[in-house]
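Undergrad:
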Amino acid sequence: MASCNRCRAFCGLVFLIFLVQTTSSTCFHATSGTTTGGSKAGTATVSTNRSCSTGAPARRATRVSTSSAGGNLHYPTVTCMGAAACTVQNAYGAWPERGQCRAAMAVFPTTEQEVIEAVARAAQRGQSIKVVTATGHSRPRWACPRGNEGLIISTQNLNRRIDVDQNALRVTVDSGVQVRQLIDTLARAGLALTHSPYLDAMTVGGLLSTGSHGSSLVGKGPAVHEYVQSMRLVVPASAKQGFARVVKLEGGQPDQQLLFQAAKVSLGLLGVMSQVTLAVEPQFKRAIEKEISSDDALEERILEVGKAYDFGDVLWLPSMHRMVVSKEWRLPCHTPGNEINAYVAFQPTHFLIKSILRTLGS
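Heads up: the sequence shown is residues -25 to -1, 1 to 337, going by mature numbering (1 follows the signal peptide of the UniProt record, and there is no 0).
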């Protein structure tokens, strides 16, 4: 019995998050909480520290670009002895299999042309190719080439392009751009991603390739790949084609639909994603209402929240037989408020603390 109680107490400390909170570029507002029927509830409108403008942004045919790199709190994903004998590591310090992940060579392209050249050289040599990001959040060894003689292409420096088209409500980015870079740039243009994963250290190419998502069943749903309009892949080719070529995929082309859908969540198996165009929307605030209740109808409540609200999550505390339900919806940017009930990672915490919280998902 004591062992069982310890197990349940431990489980109570582990917040089982069924629906992951998003960090689309939004801004703060909050009201105080209320208590009803023994369950404490509060309503707030929150965001990241990317503050909204005072009103809806004017639509202009302006293009905003950036070349700044996002921060990286992790060890280097790829380390090499000179130009060869490379080791690939993930953000967690070890692979589940506990073995080493090695490659013969690694390249760090800064442009699509450099990606083409790297793929062509590898194809000519018959090398296995794998792509890794600057942060390496994947736990499985998907980034490991066959044997020890493969080529690693890191998108660490493929992060210079973020072109925002405010008129068309879209953004074109290099695949190595981190989510935090993208959110910050969109915020300066008065725009936001419709959904994004909570971990803002992920790259655009990484989150798309693994099907990362936000938290809703409304509309197209929370998966970021549902908002991809087009993408460019660098793939191996014949000698006549120079051993590498660029495949351009458009969401509106009927003859490309099967390949387009597969490429959006490809686990990196269809080629090197070089650029992506995403649909965006005007910046917004989020209202949040929190409810603490019994976990008797846990499964039904998860579906209710997912279908009824723009965002949300359910935190299950099994040892207490309770759940904390967060119901969230969009509001205009000019909505007033003072973030009283905002989650700590969304509050104006010291930058370093906030970066650690959001990078590690704490």
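Beta carbons: idealized from backbone N, C-alpha and C, even for Gly. Please read all numbers here as calculations on a predicted model, not as lab measurements.
1) In or out: LYS215 buried (at least 16 other Cβ within 10 Å) or exposed?
2) Is ALA283 close to the ligand FAD? I mean its beta-carbon at under 8 Å from any heavy atom of the ligand.
3) If we require 4 or more residues per run, which alpha helix (DSSP H) segments fall completely within the segment 141 to 204?
4) Grouping DSSP H, G and I as helix and E and B as strand, with all else coil, what is SER268?
5) Report yes if the C-beta distance between LEU174 and PRO257 is below 9 Å; otherwise report no.
6) So is THR54 buried or exposed if we call it buried at 16+ other beta carbons inside 10 Å?
7) Take CYS119 and list the residues in its own chain whose beta-carbon comes closer than 7 Å to its own, dropping the five residues that flank it on each side.
8) With distances taken Cα to Cα, identify the nearest neighbour of LEU133 among SER249, ARG155, THR52 and PRO307.
9) Would you mind stating whether GLY186 and VAL240 have Cβ atoms separated by less than 9 Å?
10) Report the three-state DSSP secondary structure of THR62 (helix, strand or coil).
11) Should the segment 275 to 290 be called in touch with the segment 150 to 163, which here means at least 3 C-beta pairs below 8 Å?
12) By Cβ distance below 8 Å, which residues in the same chain neighbour MET177 in space, the five residues on each side in sequence not counted?
13) Assuming PHE218 and PRO211 form a contact by the criterion Cβ under 8 Å, report the distance between their Cβ atoms to the nearest whole angstrom.
14) Cα-Cα, which of VAL251, ASP285, TRP291 and VAL255 is closest to SER269?
15) Going straight from the alpha carbon of ILE127 to that of ARG207, what length do you get?
16) Is the CB-CB distance between LEU168 and VAL199 below 9 Å?
17) Where does ASN123 land, buried or exposed, given buried means 16+ other C-beta within 10 angstroms?
18) According to the Cβ coordinates, are PRO172 and PRO115 closer than 9 Å?
19) Helix, strand or coil for PHE235, going by three-state DSSP, please let me know.
20) If you follow the alpha helix (DSSP H) that LYS282 is in, where does it begin and where does it stop?
21) Quick one: what does DSSP say VAL94 is sitting in, helix, strand or coil?
TA: Concretely, from the data shown:
1) Taking the sequence shown and counting its residues from 1, the one referred to as residue 215 is at position 240. Exposed, because fewer than 16 other Cβ atoms sit within 10 Å of the Cβ of LYS215.
2) The model depicted lacks the ligand FAD and carries no ligand whatsoever.
3) Fully enclosed alpha helix (DSSP H) runs of 4 or longer: 154 to 163 and 179 to 184.
4) Translated into the one-based positions of the sequence shown, residue 268 becomes position 293. In the structure shown, SER268 sits in a strand (DSSP, three-state: E or B).
5) Here residue 174 refers to the residue found at position 199 of the sequence shown. Here residue 257 refers to the residue found at position 282 of the sequence shown. Going by C-beta atoms, LEU174 is not nearer than 9 Å to PRO257.
6) If you number the sequence shown from 1, residue 54 lands on position 79. Counting Cβ neighbours within 10 Å, THR54 comes out exposed, since fewer than 16 surround it.
7) The count along the sequence shown starts at 1 and reaches residue 119 at position 144. Here the set comprises VAL63, CYS76 and LYS105.
8) In the sequence shown, the residue the question calls residue 133 occupies position 158. Sorting SER249, ARG155, THR52 and PRO307 by C-alpha distance to the C-alpha of LEU133 places SER249 at the top.
9) The sequence position of residue 186 within the sequence shown is 211, counting from 1. The sequence position of residue 240 within the sequence shown is 265, counting from 1. Going by beta carbons, GLY186 and VAL240 fall inside the 9 Å limit.
10) Within the sequence shown, numbered from 1, the residue matching residue 62 stands at position 87. THR62 falls in the strand class under three-state DSSP.
11) Too few Cβ pairs lie closer than 8 Å, so no.
12) Your numbering for residue 177 matches position 202 in the sequence shown. THR108, THR110, HIS112, GLN153, VAL154 and SER187, listed in sequence order.
13) Stepping through the sequence shown from its first residue, residue 218 is reached at position 243. Stepping through the sequence shown from its first residue, residue 211 is reached at position 236. Indeed they touch by this definition, with Cβ atoms about 7 Å apart.
14) Your numbering for residue 269 matches position 294 in the sequence shown. Checked all of VAL251, ASP285, TRP291 and VAL255; the closest Cα to SER269 is TRP291.
15) Position 152 of the sequence shown, counted from the first residue, corresponds to residue 127. Position 232 of the sequence shown, counted from the first residue, corresponds to residue 207. If you take the alpha carbons of ILE127 and ARG207, they lie about 19 Å apart.
16) Here residue 168 is taken as the residue at index 193 of the sequence shown, counted from 1. Here residue 199 is taken as the residue at index 224 of the sequence shown, counted from 1. Yes, Cβ-Cβ distance for LEU168 and VAL199 is below 9 Å.
17) Mapped onto the sequence shown, residue 123 falls at position 148. With fewer than 16 Cβ atoms within 10 Å of its Cβ, ASN123 is classed as exposed.
18) As a working note, residue 172 is residue 197 in the sequence shown. As a working note, residue 115 is residue 140 in the sequence shown. The answer is no: Cβ separation not under 9 Å.
19) One-based indexing of the sequence shown puts residue 235 at position 260. Helix, per DSSP.
20) Locating residue 282 in the sequence shown gives position 307, counting from the first residue. Start and end: 273 to 283.
21) Numbered from 1 along the sequence shown, position 119 holds the residue referred to as residue 94. Reduced to three states, the DSSP call for VAL94 is helix.
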